[in-house]
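In terms of full-length UniProt numbering, the sequence shown opens at residue 1 and continues consecutively.
Using N, Cα and C, we set each Cβ at its ideal position, and we do this for glycine too.
Quantities reported herein were computed from a predicted structural model and do not represent experimental measurements.
See below for the structure under consideration.
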Amino acid sequence: MLIPLQVEPAEDFLTRAAAAIADAGTHIYVDTSLTMWLTAIGPASRAAFIDWTSGIIGRIHVPAWTIQEYYRHHRSKTLTKDIGEQCEAVAKATSDFRSKIRLIADGPLLPGEPESAFLQRVDAVQTELRALATAAERWNYEGASAEVIGWMNAHALDTSGIFARFGRLKEAGAARYAHDVPPGYEDRRKDLNKYGDLLFWQDVVADARRRKAARVIVLTRDRKEDWYGSAPEPEVGPALRRLKSRWEPVPSPHPMLSFELRTQSGCDLLLLDELYLGAVLWRADKRRFGRFAAVALSMSADKLSRELAPSTSVHVRAAARQVDDRISLAQALALVRGALEQEPDAAQLGILAAFEGDAMVAEQALKGLTPDWVGIQEGIPLASFSRRVFDLADPAQPFATQAARQLLDTVDQTDAEHASAVVGGMLTAAYYKDASPRNRPGGNLLQEVFAWAVDPGCERILKVLANRLRSMQSAGFVLPDAVATSLEVRLEASAVVATVPPTLGQLYLGAQAILTGQAVGDETRLRDLLTDREEASVGEIVDAVARHYGVPLVSLAIVESADGETWRIGETTGLERFGPVSQPIRGNAAPVEDLAGAAKEAETPIQAGAEPGPEGHGEDIDQREGSNGDEGQNDDDDDDDYVGEEE
């Protein structure tokens, strides 16, 4: 028996729970508390739950004692009685309030209104509450219970050991409860159904052993400590906090329950209540299971509608900028230099520190990252801040990841300078490590930044960044000024190995062949990029290759193959490594705009970081940024006119 020392983060638990549900070796058992709750929720929410269970036929079970307890509640009309009692209590409370408040309401209580106004409003509230109580009492319990009973009958276990256990139940139960052995010991003072949890549990243990289950999931709303281990309120990331502000502790079984199941049935135990099950299903498919998740997460109907409303595509939003909202080349040069060479301002550094600290502080920092906040930042510090946020964004840093997404979401709500600072700052992080170009652009959110890079307001910062990368012999397959240009992808079968399906012999990104017969290290082995699979579809292969090289997925056009075709991957097939010496052929490289006369075009002087040159212009940011696109070659004619671009 082991006592857990660490609290599992909510996001990690949800990922583990989803994987457990999907595993064919997992069997799921439902207790009475969950079936009663299923009866009380609305028909659409209940239908979403039943729809989910239809995908795990043969692995979700309702033990006999769950059905016995449900039948007892059904026969005694427990739920309808509860509603009647609640309605009666509300009516009595409002009546008592009116009776007690009547005397002080004899004088004026509502400024500017007649003395009788207060009691008139109390009477109106009473009338409204009576009408609502009447509506609640008309709830169609018979229809709801019939759906749940039909579902339970379809998933009922056909065996049970409860009858054989009745003879020793009181003795066995008392012995366990005397030593606080779960489940059910907190029911020891009950007169009725004192040992119900134990009967349910013993059937679960026996059935899991009979089925040779790898693990057991118990769906229960019973959060008493004779089921759940103690745990603090979890720190959750922004995505979960957006769904619900406060979360119950992550479900953790009582250690003795886990130990008993492991020793008696040879399998692991996982508990799920409706809250965490709702979160699992929301993450799995919020459109299909959204109604169930919403009621489990206490999400209002209005919020659910907003969450499920189709969002305007990034491409449409990014392309909607006014034609005259652009920055000059001088501004673009300053932003790129600032992102690479300068620090964010003090306030921004404080925000960055918050993302790596306490969850509540991080949440507060996230709330401040609005379009209005972005709009009042200086361009250069904002570019540097955006670069730092992008660098931090990865699965281990959920707050920084959310911050990066929030910054990107402001791009179409700010002017071209601030949009360029955000997009350009993030792309400098993707293409540079410190001051040196990466051989492959990277980053957890690179594809999302590429999606916003089609904003016309960002055009000049993309050109400046691309020219700087060319001049520094960047091995990036697609440079920032070409992210929207289509790149053809073509697969060729091996001419040496004949198999069915065909073995992949070569893959072309544009004009560049990228496969080698012998991978150099695991990071370039194609099978490793495909989770060590021997076969994969065209779409999966192209996706893996594109992400490896940092190529925009939206720019790829597969030719001569169907996306769903299956190909075999050779054991040693690898990907070419590119670098400053071995440059890739960029089949979609855009022609570099003639940058002559940049200073004449500049609408504002170069900002901080651009020191005066001999003629009073901005100091050299790299003559190479004015290159004509030939790697490492300078165009002397352009150099003369490109302000301050002298070696």
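Determine the closest residue to residue i out of the options, with distance taken between C-alpha atoms.
i	options	result
residue 469	457, 482, 458	482
residue 574	529, 567, 537, 539	529
residue 41	479, 232, 145	145
residue 693	67, 419, 103	With the chain running from 1 to 647 in the structure shown, residue 693 is simply not present.
residue 418	509, 565, 326, 389	326
residue 367	500, 402, 548	402
residue 410	395, 369, 391, 437	369
residue 373	406, 393, 387, 491	406
residue 65	200, 9, 430	200
residue 494	569, 436, 440	569
residue 20	60, 47, 542	60
residue 6	298, 527, 232	232
residue 98	51, 441, 229, 123	123
residue 238	70, 559, 280, 363	363
residue 249	271, 266, 264	271
residue 14	185, 26, 184, 251	251
residue 74	143, 16, 102	143
residue 395	355, 56, 328	355
residue 537	558, 449, 285, 566	566
residue 445	551, 463, 541	551
residue 227	190, 207, 180	180
residue 51	404, 560, 285, 302	285
residue 57	273, 25, 255, 4	25
residue 521	46, 397, 576	576
residue 49	452, 420, 274	274
residue 548	525, 533, 559	525
residue 150	452, 541, 70, 544	70
residue 379	303, 479, 63, 423	423
residue 430	466, 8, 413	466
residue 384	359, 351, 412	351
Can you round the beta-carbon distance between residue i and residue j to whole angstroms, since I take them to be within the 8 Å contact cut?
i	j	result
residue 556	residue 447	That pair is no contact at about 11 Å.
residue 648	residue 509	In the structure as shown, the chain starts at 1 and stops at 647, and residue 648 therefore has no counterpart that could be examined.
residue 214	residue 23	6 Å
residue 461	residue 336	6 Å
residue 390	residue 443	6 Å
residue 321	residue 455	6 Å
residue 195	residue 157	Wrong, their Cβ atoms sit about 18 Å apart, outside the cutoff.
residue 247	residue 511	With a Cβ gap of about 52 Å, residue 247 and residue 511 do not count as contacting.
residue 501	residue 535	6 Å
residue 330	residue 387	At roughly 20 Å, the Cβ-Cβ gap does not stay under 8 Å, so residue 330 and residue 387 are not in contact.
residue 39	residue 148	5 Å
residue 513	residue 572	With 8 Å as the limit, residue 513 and residue 572 do not qualify as a contact, their Cβ atoms being about 16 Å apart.
residue 216	residue 261	6 Å
Need the endpoints of the beta strand (DSSP E) that residue i sits in, please.
i	result
residue 492	487 to 493
residue 28	26 to 30
residue 506	504 to 509
residue 557	556 to 559
Starting from residue i, follow the alpha helix (DSSP H) in both directions and report where the run begins and ends.
i	result
residue 567	Looking at the DSSP string, residue 567 is not in any alpha helix (DSSP H); the run it does join, the beta strand (DSSP E), is 566 to 568.
residue 535	Unbroken run through residue 535 is the beta strand (DSSP E), 535 to 537; no alpha helix (DSSP H).
residue 15	10 to 22
residue 285	274 to 296
residue 151	141 to 155
residue 528	526 to 529
residue 314	314 to 318
residue 256	255 to 265
residue 442	Counting along the chain, residue 442 falls outside any alpha helix (DSSP H), and DSSP gives it neither H nor E.
residue 459	459 to 471
residue 330	329 to 341
residue 303	301 to 308
residue 238	238 to 243
At a threshold of 7 Å, does residue i count as lining the ligand PLP (C-beta to nearest heavy atom)?
i	result
residue 218	The ligand PLP is not among the ligands present in this structure, which contains no ligands whatsoever.
Counting only beta-carbon atoms, is residue i nearer than 8 Å to chain C?
i	result
residue 416	Absent from the structure: chain C. Only one protein chain is present.
Are the region 31 to 42 and the region 213 to 225 touching, with three or more C-beta to C-beta distances below 8 Å?
With the cut-off at 8 Å, the region 31 to 42 and the region 213 to 225 touch.
What are the start and end residues of each continuous alpha helix (DSSP H) run of 4 or more residues lying completely inside the region 350 to 435, in chain order?
359 to 367, 371 to 375, 379 to 392, 398 to 409, 416 to 431
query: In the region 170 to 223, which residue ranges form an unbroken alpha helix (DSSP H) of at least 4 residues, counting only runs that do not cross its ends?
result: 196 to 211
Original post:
Counting Cβ pairs, one atom from each stretch, are 3 or more of them under 8 Å apart for the region 76 to 92 and the region 156 to 175?
Top reply: no
I'd like the ranges of any alpha helix (DSSP H) spanning at least 4 consecutive residues and lying wholly in the region 44 to 124.
Entirely contained in the region 44 to 124, the alpha helix (DSSP H) runs reaching 4 residues are, in chain order, 64 to 76, 78 to 101.
Cβ contact (3+ pairs, closer than 8 Å) linking the region 101 to 114 and the region 71 to 85
Too few Cβ pairs lie closer than 8 Å, so no.
### Query
With a cut-off of 8 Å, do at least 3 Cβ pairs link the region 430 to 437 to the region 343 to 362?
no
Cβ pair count under 8 Å reaching 3, the region 297 to 311 against the region 241 to 260: Proximity of the region 297 to 311 to the region 241 to 260 meets the contact definition, three or more beta-carbon pairs being nearer than 8 Å.
* If you pair each beta-carbon of the region 251 to 266 with each one of the region 418 to 434, do three or more pairs fall below 8 Å? -> no
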